[in-house]
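Quick mapping for you: the protein sequence lines, in order, are chains A and B. Numbering (the numbering used here) for the first sequence: 12 to 512. Numbering (the numbering used here) for the second sequence: 12 to 512. Idealized CB from N, CA, C, for every residue including glycine. Worksheet: the structure to be examined is printed underneath.
There are 2 protein chains.
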Amino acid sequence: MAKNIKPRNEDYSEWYLNVIAAAQLADYAPVRGCMVIRPTGYAIWESMQKELDRRFKELGHVNAYFPLFIPESFLRKEAEHVEGFAPECAVVTHGGGEKLEEPLVVRPTSETIIGHMYADWIHSWRDLPVLINQWANVVRWEKRTRLFLRTMEFLWQEGHTAHESAEEAEQETLRMLECYRSFAEDFLAVPVMTGVKTDSEKFAGALRTYCIEGMMQDGKALQMGTSHNLGQNFARAFDIKFEGRDQVVQNAWTTSWGVSTRLIGALIMAHSDDEGLVLPPKVAPVLAVVIPIGKSDEEKKKVVEYFNPVLRRLAGDAEVDAASARLGNDQLSAVFYNNLTGQQIVVDMRDQMRPGEKHYYWEQRGVPLRIEIGPRDVESGTAVIKSRLGDKDVINAADLDRNSFDSRLAAIQDALFRRAVEFRNANVVDVASYDELKAFFAGSRGFVRCRFNPDRAVEARIKEETKATVRCIPFDQPGGTGPDIISGKPADRVVVFGIGY
Amino acid sequence: MAKNIKPRNEDYSEWYLNVIAAAQLADYAPVRGCMVIRPTGYAIWESMQKELDRRFKELGHVNAYFPLFIPESFLRKEAEHVEGFAPECAVVTHGGGEKLEEPLVVRPTSETIIGHMYADWIHSWRDLPVLINQWANVVRWEKRTRLFLRTMEFLWQEGHTAHESAEEAEQETLRMLECYRSFAEDFLAVPVMTGVKTDSEKFAGALRTYCIEGMMQDGKALQMGTSHNLGQNFARAFDIKFEGRDQVVQNAWTTSWGVSTRLIGALIMAHSDDEGLVLPPKVAPVLAVVIPIGKSDEEKKKVVEYFNPVLRRLAGDAEVDAASARLGNDQLSAVFYNNLTGQQIVVDMRDQMRPGEKHYYWEQRGVPLRIEIGPRDVESGTAVIKSRLGDKDVINAADLDRNSFDSRLAAIQDALFRRAVEFRNANVVDVASYDELKAFFAGSRGFVRCRFNPDRAVEARIKEETKATVRCIPFDQPGGTGPDIISGKPADRVVVFGIGY
Numbered sequence: 012m013a014k015n016i017k018p019r020n021e022d023y024s025e026w027y028l029n030v031i032a033a034a035q036l037a038d039y040a041p042v043r044g045c046m047v048i049r050p051t052g053y054a055i056w057e058s059m060q061k062e063l064d065r066r067f068k069e070l071g072h073v074n075a076y077f078p079l080f081i082p083e084s085f086l087r088k089e090a091e092h093v094e095g096f097a098p099e100c101a102v103v104t105h106g107g108g109e110k111l112e113e114p115l116v117v118r119p120t121s122e123t124i125i126g127h128m129y130a131d132w133i134h135s136w137r138d139l140p141v142l143i144n145q146w147a148n149v150v151r152w153e154k155r156t157r158l159f160l161r162t163m164e165f166l167w168q169e170g171h172t173a174h175e176s177a178e179e180a181e182q183e184t185l186r187m188l189e190c191y192r193s194f195a196e197d198f199l200a201v202p203v204m205t206g207v208k209t210d211s212e213k214f215a216g217a218l219r220t221y222c223i224e225g226m227m228q229d230g231k232a233l234q235m236g237t238s239h240n241l242g243q244n245f246a247r248a249f250d251i252k253f254e255g256r257d258q259v260v261q262n263a264w265t266t267s268w269g270v271s272t273r274l275i276g277a278l279i280m281a282h283s284d285d286e287g288l289v290l291p292p293k294v295a296p297v298l299a300v301v302i303p304i305g306k307s308d309e310e311k312k313k314v315v316e317y318f319n320p321v322l323r324r325l326a327g328d329a330e331v332d333a334a335s336a337r338l339g340n341d342q343l344s345a346v347f348y349n350n351l352t353g354q355q356i357v358v359d360m361r362d363q364m365r366p367g368e369k370h371y372y373w374e375q376r377g378v379p380l381r382i383e384i385g386p387r388d389v390e391s392g393t394a395v396i397k398s399r400l401g402d403k404d405v406i407n408a409a410d411l412d413r414n415s416f417d418s419r420l421a422a423i424q425d426a427l428f429r430r431a432v433e434f435r436n437a438n439v440v441d442v443a444s445y446d447e448l449k450a451f452f453a454g455s456r457g458f459v460r461c462r463f464n465p466d467r468a469v470e471a472r473i474k475e476e477t478k479a480t481v482r483c484i485p486f487d488q489p490g491g492t493g494p495d496i497i498s499g500k501p502a503d504r505v506v507v508f509g510i511g512y
Numbered sequence: 012m013a014k015n016i017k018p019r020n021e022d023y024s025e026w027y028l029n030v031i032a033a034a035q036l037a038d039y040a041p042v043r044g045c046m047v048i049r050p051t052g053y054a055i056w057e058s059m060q061k062e063l064d065r066r067f068k069e070l071g072h073v074n075a076y077f078p079l080f081i082p083e084s085f086l087r088k089e090a091e092h093v094e095g096f097a098p099e100c101a102v103v104t105h106g107g108g109e110k111l112e113e114p115l116v117v118r119p120t121s122e123t124i125i126g127h128m129y130a131d132w133i134h135s136w137r138d139l140p141v142l143i144n145q146w147a148n149v150v151r152w153e154k155r156t157r158l159f160l161r162t163m164e165f166l167w168q169e170g171h172t173a174h175e176s177a178e179e180a181e182q183e184t185l186r187m188l189e190c191y192r193s194f195a196e197d198f199l200a201v202p203v204m205t206g207v208k209t210d211s212e213k214f215a216g217a218l219r220t221y222c223i224e225g226m227m228q229d230g231k232a233l234q235m236g237t238s239h240n241l242g243q244n245f246a247r248a249f250d251i252k253f254e255g256r257d258q259v260v261q262n263a264w265t266t267s268w269g270v271s272t273r274l275i276g277a278l279i280m281a282h283s284d285d286e287g288l289v290l291p292p293k294v295a296p297v298l299a300v301v302i303p304i305g306k307s308d309e310e311k312k313k314v315v316e317y318f319n320p321v322l323r324r325l326a327g328d329a330e331v332d333a334a335s336a337r338l339g340n341d342q343l344s345a346v347f348y349n350n351l352t353g354q355q356i357v358v359d360m361r362d363q364m365r366p367g368e369k370h371y372y373w374e375q376r377g378v379p380l381r382i383e384i385g386p387r388d389v390e391s392g393t394a395v396i397k398s399r400l401g402d403k404d405v406i407n408a409a410d411l412d413r414n415s416f417d418s419r420l421a422a423i424q425d426a427l428f429r430r431a432v433e434f435r436n437a438n439v440v441d442v443a444s445y446d447e448l449k450a451f452f453a454g455s456r457g458f459v460r461c462r463f464n465p466d467r468a469v470e471a472r473i474k475e476e477t478k479a480t481v482r483c484i485p486f487d488q489p490g491g492t493g494p495d496i497i498s499g500k501p502a503d504r505v506v507v508f509g510i511g512y
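Here it is in structure tokens:
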């Protein structure tokens, strides 16, 4: 067991922070509640960005950039929005040595400033749809912070679209929710529940908020992404108008949707183990590490030469030649396995570390495959290949090619997803009464499904008494009606309660 | 001539803003001095980012992310640094509804906060070198702003490295300058002069600042990138120490280097013409636009069908099939020509625009190639291909393949670079006296080369009298000595004066 990592069942919160520290994913910054995303953590964010950006663009979106600062008055234009965000804002009052006439808010989200610009850009139905995404940092003054999950500043993408009709806006909102669902499940290997938020949990200013909710290994819920149908609320507040096909001037229909560096937290908490980080191969910046073993420099050199043709078969001659010519630290030489994703294979030649230390080092960083080769492998034409999930195979080095390498990675990806689905399914319970719900959350964590008619006051009371909130009204419904767990009145839908991060 | 663009020789400043507006690259934001980078402009930034990021990583750098906010006290730890940056800072005084104990500065650059973290991370020579880059937004409270060239908030990358020795730090500083030079010349097709800044122009806190200086079409100079050798200044201020190979604890040697969205301004001002934006093919997000011509929908359909095999030859079957299946606006269908760079070919099917309007539209957006096909081409098996630089060819459609397409693009890239080199060379003059220098800048713009011993007070006086500053002490030196143009004393080097943006 890793000495620097507390086991999950002893202290889950501590375990989470230990995994982050051991893999050097992030540090707390010297500014309260802010984090430094270290190279290992940032490479994971880059993997996610590349994949999401590709998916967004395939759906017709383009990127743009809007200012960090928002005039305070903008926030006030949408009544619910200012109520939701004003208490969380960081405010710039001085610039260039002078007091500002109007304070500037550091964006907590950009609906307002983007709405202002859209009013300038949109005049006719021919200008629609506008399908823009922004990659940016945002700031929300949080009282209690936790690395990746809730930090004062975080990185995210926020999509902002404008449409001709209510139907189109709703379609876009759902299309992007589906984009997030498939990204979470197929890429991050984290199963999610999809549904709609209750009014008390929706985005400040939205008509409806859809979400994907994941379950972490402690049974707590994590909101992993949201997609908001804003109706005409922001279009009215910011005067986004267009002349329709019917020649009538009308307000546009807008949406917004986002995911953030919180997804790195989700990834850690969904898959990692008591040995450290576990990364699904599709996300992993380093797919495999090669550890050459030898007692002398000469022996190691022989081992590396032996492995060279395999590496060339995997990464391609051009890539291996380019890597050999590269400057920098020659003790850790990385070759690109996939130029499109930037995923690498690393050959760990560091001579100040023993093979055991190297295993430990890469295991804690979640690298999916470890390939060990020593003098005996040179004799026998073999290699030892070990998966981060524990399987160990002695294979013929000649059999290691892109096909067999890719299927090993695919098998790990699948295993992680199946394991997470099983865990999630085992921790969803149905209850028929509030007493059952209370009893569940008194001792357990998980998703509790029950008949319930959403109501702001009742939800607040339940949260106070149990810490649980309605995570979503899931799309997946049993149908029929049954008694609301609180009021006993007929409820035609079930909701899912959970204790959230 | 484009009606919405003022000719360069009538009003260069107005021309610059007109080109930006016509191509919809950026808008002023409702916050003083801030800009909104619109999708067409942001796609150019994404092109640059991808290429730079690839080059940085090939040189062994990794990305990370540091906080937006810096405690005010950090800035004060390096004496020259605070003097240089404090007057330009935006200051957050309130957060979460409360006044902060210590105000936070919105980062104008990140040497201080990164220095603080490096002190935590670096302990031994084994931890070195640290080669980190950050893509981020920064804020400098500028009095006079101009889109892309000088805005209050801008996007950039800032590299921050730490090394064992003065020699290594100097090597890194020069390696990154060379990285910028080749990026500017080979990718942006903008020739640059390389050299070192005088003390009065160097980065606040640096030992030495190296730079690449471009010349715009009005003869003014633009600093396009800088690479700073910080010596041990920040290591001393932030206590970045390590135990060396000699077992002596010593301060590390650090560097920093950056380029910003200002490069979009450079690109516009170096290449564009009175018809609008001109983009070098390597940077262009859209490589070619295909304009199908036909009097009826049926005729247009036939033309598109005729062109389909050519498009498949260019972009590949998989890509064309994927594009056909894509959701979104079907009037402008884009196929990826290069998945690695994201560069596209667009087929412009918009029926509410006449072909002439489409020419105009894409010309103003700087697209390198325009391919027109009409019913007569269907008959004769031809296509009309026009370069953004004016050449027009009628070709056999069967001859258009990736090879011929790539060589047309390469020819445009070369022509742009040659044109810019010729312009630059024609506007460099050598002078032997201050009177000559004054006479030159009284009526002209360009680079003035002369013998001069850098001196803060003298440079200030020259700037006041002529507006010109020393752009750099170029690497390329004639050798020998000659009289300093001001003092007449022997000067063993020439410097280059220019009027900068």
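Helix, strand or coil at residue i [DSSP, three-state]
i, result
"A/Ser344", "strand"
"A/Cys461", "strand"
"B/Ala334", "helix"
"A/Tyr512", "coil"
"A/Trp56", "helix"
"B/Trp26", "helix"
"B/Asn262", "strand"
"A/Ala5", "With chain A represented from 12 up to 512, any question about residue 5 of chain A goes unanswered, as that position is not in the structure."
"B/Leu1", "Outside the displayed span of chain B (12 to 512) sits residue 1 of chain B, for which this structure offers no information."
"B/Phe165", "strand"
"B/Glu196", "helix"
CB contact flag (residue i, residue j, <8 Å)
i, j, result
"A/Val102", "B/Thr104", "yes"
"A/Pro78", "B/His127", "no"
"A/Phe452", "A/Lys478", "yes"
"B/Trp268", "B/Gly170", "yes"
"B/Asn148", "B/Glu122", "no"
"A/Phe214", "A/His174", "no"
"A/Gly385", "A/Gly305", "yes"
"A/Glu383", "A/Ile302", "yes"
"B/Arg324", "B/Asp412", "yes"
Short CB-CB distance (under 8 Å) between residue i and chain A
i, result
"B/Ala248", "no"
"B/Val103", "yes"
"B/Phe80", "yes"
"B/Pro41", "yes"
"B/Met235", "no"
"B/Leu115", "yes"
Beta carbon proximity, residue i to chain B, threshold 8 Å
i, result
"A/Arg435", "no"
"A/Ile143", "yes"
"A/Asp308", "no"
"A/Trp152", "yes"
"A/Phe77", "yes"
Close Cβ partners of residue i (< 6 Å) along its chain, the five nearest in sequence each way excluded
i, result
"B/Thr265", "Ala173, Leu241, Phe245, Ala246"
"A/Ile223", "Tyr191, Arg192, Ala195, Val203, Thr205, Met235, Gly236"
"A/Asn74", "Asn144"
Cutoff 8 Å; reference residue i; Cβ partners in own chain excluding five residues on either side
i, result
"A/Glu476", "Lys449"
*Counting only runs that start and end within the stretch 30-89 of chain B, where is the beta strand (DSSP E) found for 3 or more residues in a row?*
37-39, 46-48, 80-82
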